[in-house]
Amino acid sequence: MQPSLLEELTPVPNPYPIRSETEYPEVAHLCRQARELAWSPADIDFSDLRDADLPPEVREAGAEWWSLRAWMEHGAIPYGTERLREAVFAHQPMEIKQHIVNFIAEELRHHEASVMVAQGLGAYQDEPRADYFKAVIPRFHDERDEKQMSFFAGLAVNTLFEQLSGELLQARYENARFSSIRKACQLILRDEARHIQFGRIIMRRFFSELSSDDRRMLGDKVAKKLRGSLLNGVYAVVNLPDEERERAGRNRTLAAEHGLGATHPDEEIAIIRRALEQIRADVAPYDVEIPEVPEVDRAATAH
Ligand SMILES: [Fe+2]
Ligand SMILES: [Fe+2]
């Protein structure tokens, strides 16, 4: 190894103090629940998908859709590992580290379950086929944005997005006509409810102490992430380039029509709009204002 490379290695910070006192009893409670409610995607019987009488183009559309879901669940893992690293090096109490470890394991099983649905329908795609998507997915998580926020503020912001994706997943659960897909959605939603609960605990505890600059930044970050990546085919197809919007929209419609746990593109914006309104109401007591997201907010007046 070259000496210059050695110099770039980060020294291991002092591991002490390793704290054992519970500082956040509500978080410790969530950690106990996480252990009791653990599940494995491998226990779900996906044979109903393999045996179903579905035309090849529907299988293809469903597999594409569930591959996309799998990539998005996976996107939570690099995010989570960065947070775990911060929690360890900042000597956060055990229940905070435990929650983040649980979060990573749970997002990984959401990923795995989504891969298995895609496989049951056809084949899991291990990367997007469209170039624009290859560019969008890596931008889903930008550490530079995270590092501008305090540790707990960043965790709370992430939870706001879990609330949004939870609303979308609820609609996709209701769309699902196959018991394996219903089961997978149900178990994922149960985990997500815990992630959202964690965010609420953190918000109550830390949002009242934020400076006005931090409050403004938080609102801006939510709007930026929504517009910059989530409306680009992830949560909805609204911001896709025309041609891709049409193609992805058609496939999603096909998957929704056959009850594969998808939503029609027209429904998505309405769901996001409702969820965004709810999020605005949740953060308003802390004087956090989420700026206008034209694709979503203006769609409201157009209806
Ligand atoms: Fe998830
Ligand atoms: Fe989650």
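Count the sequence shown with our numbering and you get residues 3 to 305, in order.
The beta-carbon is built from N, C-alpha and C at its ideal position, and this holds for glycine as well.
Since the model is a prediction, treat every value here as computed from it, not as a measurement.
Cα separation between residue i and residue j?
i           : j           : result
residue 247 : residue 208 : 39 Å
residue 63  : residue 166 : 23 Å
residue 182 : residue 289 : 42 Å
residue 55  : residue 273 : 30 Å
residue 278 : residue 81  : 22 Å
residue 152 : residue 159 : 10 Å
residue 238 : residue 268 : 9 Å
residue 266 : residue 260 : 11 Å
residue 42  : residue 65  : 21 Å
residue 287 : residue 203 : 14 Å
residue 127 : residue 283 : 38 Å
residue 215 : residue 222 : 11 Å
residue 171 : residue 195 : 12 Å
residue 281 : residue 162 : 7 Å
residue 224 : residue 69  : 25 Å
residue 155 : residue 251 : 34 Å
residue 249 : residue 227 : 24 Å
residue 67  : residue 276 : 23 Å
residue 59  : residue 51  : 14 Å
residue 304 : residue 270 : Reliability of the predicted coordinates at residue 304 is poor, the pLDDT of 49 falling under 50, and the value obtained from them is presented with this limitation in mind. Near 15 Å, if we compare the C-alpha coordinates of residue 270 and residue 304.
residue 292 : residue 49  : 44 Å
residue 21  : residue 145 : 27 Å
residue 78  : residue 34  : 22 Å
residue 139 : residue 74  : 8 Å
residue 233 : residue 254 : 14 Å
Residue range of the alpha helix (DSSP H) that residue i falls in?
i           : result
residue 205 : 181-208
residue 281 : 267-285
residue 168 : 153-177
residue 110 : 96-123
residue 35  : 27-38
residue 81  : 58-91
residue 253 : 244-259
residue 52  : 49-53
residue 214 : 214-227
residue 144 : Where residue 144 is concerned, there is no enclosing alpha helix (DSSP H), given that its DSSP letter is neither H nor E.
residue 1   : This structure cannot settle anything about residue 1, because the visible part of the chain is limited to 3 through 305.
Within 9 Å of any Cβ in chain D, is that where the Cβ of residue i sits?
i           : result
residue 287 : The displayed structure is made up of one protein chain only, and chain D is not part of it.
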